[in-house]
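Chains as they are written, first to last, in the numbering used here: chain A, 2 to 295; chain B, 296 to 660. Here is the structure we will look at, set down as structure tokens.
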């Protein structure tokens with residue numbers, strides 16, 4: 002038994018060491034810390050958008066199968082969900098950007114001497130700015146990154162500055178798929194809606210955060226809450242639109258349906274935390290501005 | 296009607312010279328009116344509870360008055376909640392739960408296997424594959440999500456047909472064991488394909504998962520109307536076989552001496568039960584455990600004859616799923632819990648309890 006515990010402790014210690022080791026970017030022969038990567042593989046659609054937005058697109062040699070913006074990205078069939086270190090290494094990258102350390106991908110690539118940058122899903126807009134800046138630093142495009150962040154902040158300030166916050170806020174329901182999975186205000190996307198001065202009807206459904214901000218709503222609760230606006234982030238995944246939404250049982254009489262306030266969104270834009278979050282905010286503000294609440 | 300068949304347990308009788316009746320043998324072969332009334336009452340109670348309780352807090356008296364067509368002070372939204380969301384959901388729960396339980400009881404009878412459930416011959420795996428392909432295709436613009444129930448139905452029936460064909464081809468004419476093994480093989484194979492397709496398309500994994508865990512609220516009355524004709528046909532065919540299944544329980548050879556064509560009977564029951572299962576699965580997803588725990592509970596409490604088990608499984612299965620759905624939409628209101636989680640969470644411990652009790656009572660299957 003004692004030996005077993007000792008072995009267990011040893012394994013723990015080793016894995017702890019390994020985790021520490023992977024935090025520092027392995028430097029490989031032939032590339033120094035100052036070298037600017039010119040063979041970047043992006044395994045994150047958001048990182049792809051950021052890289053192109055800061056002018057590092059020409060340094061990107063491959064992107065994962067879900068990266069589809071901008072249109073001319075070097076799309077491959079590399080899967081970010083089921084990644085294979087060997088398949089990634091085939092592109093001889095000198096930097097791999099990932100948003101999710103699936104199956105110890107970071108360590109595997111590290112063992113091959115490939116530097117990895119982990120940029121997980123942002124939980125706030127500040128995370129987005131930090132990631133853009135970080136990408137700017139790593140790719141030699143810091144000035145462009147700073148300009149992008151500045152421009153995003155300015156646009157968001159412009160979009161939200163003359164919102165009337167005096168009266169009651171309009172309410173909204175945000176649909177992730179056609180089984181009423183939704184988000185609360187605690188999520189990244191929920192915060193964007195809060196910026197636009199909207200109140201989320203789903204907040205009570207995950208008040209204690211047990212669903213991680215992504216509860217599945219009861220249809221009768223949605224009908225009773227009767228939100229002023231409905232935003233559909235399932236136009237691509239589930240082929241939903243205002244008509245299919247209105248056709249669901251009990252939804253035909255919803256205020257948002259009657260008044261034409263069911264707003265289709267682009268699933269991709271709505272699920273990423275890159276530069277296009279400004280476009281999303283603009284769409285929300287334009288759809289809701291000047292609509293009387295009540 | 297006049298031929299009182301021996302209950303299945305009696306068939307296991309070792310040459311017993313003493314005439315002392317053992318406990319299982321005295322269990323009723325005929326459905327007692329008291330049990331029938333209890334079953335109907337449970338359906339009514341579960342149905343009413345499902346109608347008056349929900350995340351939208353409506354006064355029960357208003358719900359009842361609205362459904363009775365009387366004047367209420369409810370607004371159009373609240374009427375929509377009662378008539379377009381709750382009522383079809385309750386009816387769907389009764390239909391799906393009753394059908395799955397009845398099909399499970401029939402599978403257990405026809406295979407003489409206590410662990411048989413409606414998904415035994417690969418219906419769930421086939422339906423899962425069909426739905427996964429449609430959901431993935433919908434995300435690529437190659438299919439419409441509305442095709443999912445059809446894909447589930449076709450997948451379920453296709454899998455059972457495949458298993459039956461393979462089992463028959465390899466097992467000769469009387470072996471139910473080879474049929475079960477063929478079902479296991481087909482289910483494993485189709486699940487492997489389904490998992491592969493699902494993992495290759497992780498952007499749609501939540502939708503696939505939602506479907507697999509089961510849900511009673513999708514298309515309201517449309518689902519009810521889709522399911523109803525299949526359910527009714529299944530019920531009629533299976534209930535009509537309740538006596539024959541008792542005969543089959545004594546073994547194929549013995550059954551044939553009693554004038555029952557075992558293979559043909561088995562085929563008819565399997566086809567009917569698979570049809571009902573496929574239709575239920577196509578509108579509700581893969582709801583676990585209903586088809587196992589309800590029939591076994593009925594056997595334990597009311598008797599082992601199929602004349603008791605089949606009708607009572609239909610009634611109690613409907614009531615059980617109706618209550619499970621009530622829990623699914625109220626336990627963490629206004630969020631929902633997948634109903635498959637509720638049935639398995641309460642079903643698994645309950646199943647253990649049934650097994651323990653049945654051993655103590657000497658009611659082995």
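All C-beta atoms in this analysis are idealised placements derived from N, C-alpha and C, irrespective of residue type, glycine included. Source: prediction; values computed, not measured.
Contact annotation for residue 179 of chain A against chain B: 440 [CB-CB distance below 7 Å, chain order].
Within chain A, 178, 180, 182 and 217 have C-beta atoms less than 9 Å from the C-beta of residue 505 of chain B, given in sequence order. In the DSSP assignment, residue 265 of chain A falls within the beta strand (DSSP E) that extends over 263–265. Comparing C-alpha distances from residue 609 of chain B to each of B/425, B/571 and B/648 shows the shortest one belongs to B/571. Counting along the chain, residue 176 of chain A sits inside the beta strand (DSSP E) bounded by residues 172–176. Residue burial annotation: residue 142 of chain A is buried, with at least 16 other C-beta atoms found within 10 angstroms of its C-beta. Taking C-beta separations shorter than 7 Å and ignoring five residues to either side along the sequence, the partners of residue 218 of chain A in its chain run 181, 183, 203 and 206, following chain order.
Only buried fits residue 405 of chain B, as 16 or more other CB atoms lie within 10 angstroms of its CB.
Between the beta-carbon of residue 633 of chain B and that of residue 510 of chain B there is about 7 Å, and that keeps the pair under the 8 Å contact cut. Annotation: the region 142–213 of chain A contains the following complete segments of the beta strand (DSSP E) (minimum length 3 residues), in chain order: 172–176. A residue is called buried when at least 16 other Cβ atoms come within 10 angstroms of its Cβ; residue 385 of chain B meets this threshold and is buried. Where residue 89 of chain A is concerned, the enclosing alpha helix (DSSP H) starts and stops at 86–90. In the three-state scheme derived from DSSP, where H, G and I count as helix and E and B as strand, residue 79 of chain A is classed as coil. Around the C-beta of residue 536 of chain B, 16 or more other C-beta atoms lie within 10 Å, and the residue is accordingly described as buried. Our two residues, residue 421 of chain B and residue 433 of chain B, have alpha carbons roughly 18 Å apart in a direct line. Contact between the region 156–167 of chain A and the region 475–495 of chain B is not established, with fewer than three Cβ pairs separated by less than 8 Å. Neighbours of residue 376 of chain B in chain A, taken as residues whose beta carbon is under 8 Å from its own, are 221, 224, 225 and 251 in chain order. Within the region 470–518 of chain B, no run of beta strand (DSSP E) at least 3 residues long lies entirely inside it. Bounds of the alpha helix (DSSP H) holding residue 285 of chain A are 278–289. In summary, the residues of the region 190–212 of chain A whose CB is separated from some CB of chain B by less than 7 Å are 205, 206, 207 and 212, in the order they occur in the chain. Nearest to residue 241 of chain A by C-alpha distance, out of A/221, A/72, A/170 and A/264, is A/264. Taking the C-beta atoms as reference points, residue 573 of chain B is found no nearer than 8 Å to residue 639 of chain B. Between the alpha carbons of residue 424 of chain B and residue 439 of chain B lies a gap of roughly 16 Å. In this structure the region 400–416 of chain B touches the region 553–565 of chain B; the number of beta carbon pairs closer than 8 Å is three or more. Between the alpha carbons of residue 246 of chain A and residue 210 of chain A lies a distance of about 27 Å.
Contact between residue 383 of chain B and residue 515 of chain B holds: their C-beta atoms lie close to 4 Å from each other, under 8 Å. The beta carbon of residue 518 of chain B lies closer than 6 Å to those of 387 and 578 in the same chain, with the five residues before and after it left out. Interface with chain B (8 Å Cβ-Cβ cutoff): residue 82 of chain A is included. For residue 376 of chain B, same chain residues with a beta-carbon under 8 Å away, outside a window of 5 residues either side, are 349, 351 and 353 in chain order. The Cβ atoms of residue 580 of chain B and residue 392 of chain B do not sit closer than 8 Å to each other. A straight-line Cα-Cα distance of about 15 Å links residue 637 of chain B and residue 512 of chain B. The alpha carbon of residue 92 of chain A has as its nearest neighbour, out of A/42, A/102, A/70 and A/69, the alpha carbon of A/42. Not flagged as an interface residue toward chain B: residue 91 of chain A, since no C-beta distance is shorter than 8 Å.
Residue environment for residue 504 of chain B: exposed (fewer than 16 other C-beta atoms within 10 angstroms of its C-beta). Using a Cβ-Cβ distance cut-off of 8 Å, the region 363–382 of chain B and the region 583–595 of chain B are not in contact, since fewer than three pairs of beta carbons, one from each stretch, lie closer than that value. Within the region 477–507 of chain B, the residues whose Cβ lies closer than 9 Å to some Cβ of chain A are 494, 495, 496, 497, 498, 499, 500, 501, 502, 505 and 506, listed in chain order.
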